[in-house]
Amino acid sequence: MTNPFIIPSLANLNADLAQRHFPLARGEELQRKFSKLFSRHLGRLRSGKSFEGRSLLITGLSGSGKTAEISDMLEQFNESAVLLPDGKPARFACCVLGAKGTWKDLGRKTLQALGYPITSSTRRTQFEIWDLVIKQAKLQGIVGIHYDEAQHIMRGKSDKEVEAVLDAFKGLMKVDKRDTKSGEAFMPSHDWPLMLILSGVPELGGYVQREEQLDRLMTRIEFGEVDLNSMPGHPARDYETLNEIVGSYAISAGLNVDADLPTGDFLHRLATAGAFRWGLVIDMVMDAVALAVARGGRVA
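If you want the working numbering, it's the 1-based position in the sequence shown plus 121.
Following this line, the structure appears as structure tokens:
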């Protein structure tokens with residue numbers, strides 16, 4: 122019996138489109154910088170010596186596609202199953218920060234992201250929760266954590282509270298370091314330094330700059346907007362990329378793209394409608410392709 126609320130072909134198409142990832146140049150840059158940091162991390166783990174982890178700070182406007190780009194890379198990293206010195210496959214965990222919450226709340230969310238059962242009603246202290254985070258990460262071979270929308274944990278807090286959170290992030294990346302006034306209350310002593318990926322809107326970069334030592338440990342990547350400005354003799358490359366995005370998603374759905382459609386005017390209007398943000402533009406293209414198929418535009 123069919124369900125009147127489901128169009129099977131459209132549901133299947135959206136499932137397929139959502140799994141596709143269009144390779145932008147920034148994705149190559151992200152993977153290249155991540156690979157350098159992880160290679161360093163793996164080498165230090167093999168040495169058996171104490172060290173500080175290095176991390177990525179990725180910023181961009183809302184809708185620029187940060188989450189999709191990072192998630193695709195980390196999925197590939199986890200599937201690659203790089204072996205750690207103890208024989209466990211290295212993995213990265215992901216945790217999305219909400220609009221409200223304390224460092225203790227973040228500890229609970231992190232444990233949940235690691236698959237550890239813990240509820241908001243737990244009586245464990247903040248210190249005990251983060252001690253569990255480190256122990257579970259080491260036990261599971263988790264070498265790093267991606268904190269998406271990381272600005273939320275600091276937004277609206279006092280300067281002192283922000284300083285404490287930043288110092289605690291730094292504490293996750295260091296071995297046996299509780300040498301600052303805020304770190305002792307937030308982080309336990311540990312022997313498993315973590316790589317972090319902090320991603321969020323541009324204000325996140327301003328927060329991180331407040332903690333000089335943390336900022337020093339960060340490799341920054343900024344996800345820019347669609348750039349359609351051209352110079353004499355150098356046409357804007359993003360026109361070509363936009364055209365490839367439209368064509369690739371259409372082909373994946375079995376659609377023909379009219380030869381008169383991908384003009385400079387059309388592509389500029391597409392970028393404008395997406396506020397010149399790659400993530401929004403790609404979402405719009407996928408929605409347009411799905412709508413065309415729903416209206417009977419499928420060729421195959």
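C-beta: ideal position from N, C-alpha, C; glycine also.
State yes or no: is the C-beta of F397 within less than 9 Å of the C-beta of G181? Your numbering for residue 397 matches position 276 in the sequence shown. Your numbering for residue 181 matches position 60 in the sequence shown. No, they are not a contact pair.
Original post:
Quick one, are the C-beta atoms of E270 and L218 less than 9 Å apart?
Top reply: Numbered from its first residue, the sequence shown carries residue 270 at position 149. Numbered from its first residue, the sequence shown carries residue 218 at position 97. The answer is yes: Cβ separation under 9 Å.
Practice problem: Note down, one range per segment and in chain order, each beta strand (DSSP E) of at least 3 residues found wholly within the stretch 216 to 304. | Solution: 263 to 269
**Request:** Return helix, strand or coil for F159, following the three-state DSSP convention.
**Result:** Counted from its first residue, the sequence shown places residue 159 at position 38. Three-state result, F159: helix.
Under DSSP, the beta strand (DSSP E) around E173 begins and ends at which residues?
As a first step, residue 173 is located in the sequence shown; it is residue number 52 there, counting from the start. That residue, E173, is in no beta strand (DSSP E); it is neither H nor E in DSSP.
Subject >> CB-CB length for A211 against G262, believed under 8 Å >> reply: In the sequence shown, counting from the first residue as 1, residue 211 sits at position 90. In the sequence shown, counting from the first residue as 1, residue 262 sits at position 141. Between G262 and A211 the Cβ distance is about 6 Å, and since that is below 8 Å, they are a contact.
Suppose you measure from the CA of V254 to the CA of G222; what does that come to, to the nearest Å?
Numbered from its first residue, the sequence shown carries residue 254 at position 133. Numbered from its first residue, the sequence shown carries residue 222 at position 101. Taking the straight line from one Cα to the other gives about 17 Å.
Going along the chain, which unbroken runs of the beta strand (DSSP E) with 3 or more residues stay wholly within the stretch 390 to 415?
none
>> Cutting at 6 Å between CB atoms, please list the residues of its own chain near P206, excluding the five before and the five after it.
In response: On the sequence shown, position 85 is the one that residue 206 refers to. Only L166, R167 meet the Cβ criterion.
Exercise. Taking only the alpha-carbon atoms, compute the straight-line gap between V367 and S241 and give it to the nearest angstrom.
Key: If you number the sequence shown from 1, residue 367 lands on position 246. If you number the sequence shown from 1, residue 241 lands on position 120. Distance between the alpha carbons of V367 and S241 is about 44 Å.
For this session: Starting from S320, trace the beta strand (DSSP E) both ways and give me its first and last residue.
Result: Taking the first residue of the sequence shown as 1, we reach residue 320 at position 199. Residues 316 to 321.
On a CA-only basis, which of A258, R244, K209 is nearest Q233? Give me that one, please. By 1-based counting over the sequence shown, the position of residue 233 is 112. Ranking the options by Cα distance to Q233, first place goes to A258.
Quiz item: Got a sec, what are the start and stop residues for the beta strand (DSSP E) T384 sits in?
Solution: Here the question's residue 384 lines up with position 263 in the sequence shown. Counting along the chain, T384 falls outside any beta strand (DSSP E), and DSSP gives it neither H nor E.
- Query: How long is the line joining the alpha carbons of A374 and A411, rounded to whole angstroms?
  - Reply: Residue numbering aside, residue 374 sits at position 253 when the sequence shown is read from its first letter. Residue numbering aside, residue 411 sits at position 290 when the sequence shown is read from its first letter. C-alpha separation (whole angstroms): 8 Å.
Subject >> Three-state secondary structure assigned by DSSP to F213 >> reply: Within the sequence shown, numbered from 1, the residue matching residue 213 stands at position 92. DSSP places F213 in strand when its eight states are reduced to three.
Quick check: L317 and L293, are their CB atoms within less than 9 Å of each other? As a position in the sequence shown, residue 317 is number 196, starting the count at 1. As a position in the sequence shown, residue 293 is number 172, starting the count at 1. Yes, the pair counts as a contact, with Cβ atoms nearer than the cut-off.
**Q.** Distance, A132 Cα to R175 Cα
**A.** Here residue 175 corresponds to residue number 54 of the sequence shown, with the count starting at 1. Here residue 132 corresponds to residue number 11 of the sequence shown, with the count starting at 1. Near 41 Å, if we compare the C-alpha coordinates of A132 and R175.
| message | Quick check on this structure: which residue in L376, R153, L260 has the alpha carbon closest to the alpha carbon of R416? | response | Position 295 of the sequence shown, counted from the start, is the residue given in the question as residue 416. Closest by alpha carbon: L376.
| said: Please report the distance separating the alpha-carbon of T340 from that of S130. | reply: Translated into positions along the sequence shown, residue 340 becomes position 219. Translated into positions along the sequence shown, residue 130 becomes position 9. Looking at the two C-alpha atoms, the distance is approximately 43 Å.
Q: Flag this pair as yes or no: are the beta carbons of L319 and L178 separated by less than 9 Å?
A: On the sequence shown, residue 319 is found 198 positions in, with the first residue counted as 1. On the sequence shown, residue 178 is found 57 positions in, with the first residue counted as 1. Result yes, Cβ atoms of L319 and L178 sit closer than 9 Å.
- Query: So, using beta-carbon positions, are W399 and E324 closer together than 9 Å?
  - Reply: Counting from one through the sequence shown, the residue named residue 399 turns up at place 278. Counting from one through the sequence shown, the residue named residue 324 turns up at place 203. No, the Cβ-Cβ distance between W399 and E324 is not below 9 Å.
Check your understanding: Using the beta-carbon count (16 or more within 10 Å), is E190 buried or exposed?
Key -> Looking up residue 190 in the sequence shown gives position 69. Per the 10 Å Cβ criterion, buried.
- Query: If you draw a straight line from the C-alpha of M405 to the C-alpha of G186, how long is it?
  - Reply: To locate residue 405, count along the sequence shown from 1; it is residue 284. To locate residue 186, count along the sequence shown from 1; it is residue 65. C-alpha separation (whole angstroms): 12 Å.
Where do the N-terminal and C-terminal ends of the beta strand (DSSP E) with I342 fall, by residue?
In the sequence shown, counting from the first residue as 1, residue 342 sits at position 221. From DSSP, the beta strand (DSSP E) with I342 extends over 339 to 343.
Self-check item: Proximity winner among T123, F387, F155, relative to I266 (alpha-carbon distances)
Solution: On the sequence shown, position 145 is the one that residue 266 refers to. If we check each option's Cα against that of I266, F155 comes out closest.
When you compare the stretch 192 to 203 with the stretch 242 to 253, are there three or more beta-carbon pairs, one atom per stretch, that lie closer than 8 Å? no
Per DSSP, the bridge partner or partners of L335: Counting from 1 along the sequence shown, the entry for residue 335 is found at position 214. Paired residues: none, contrary to the question.
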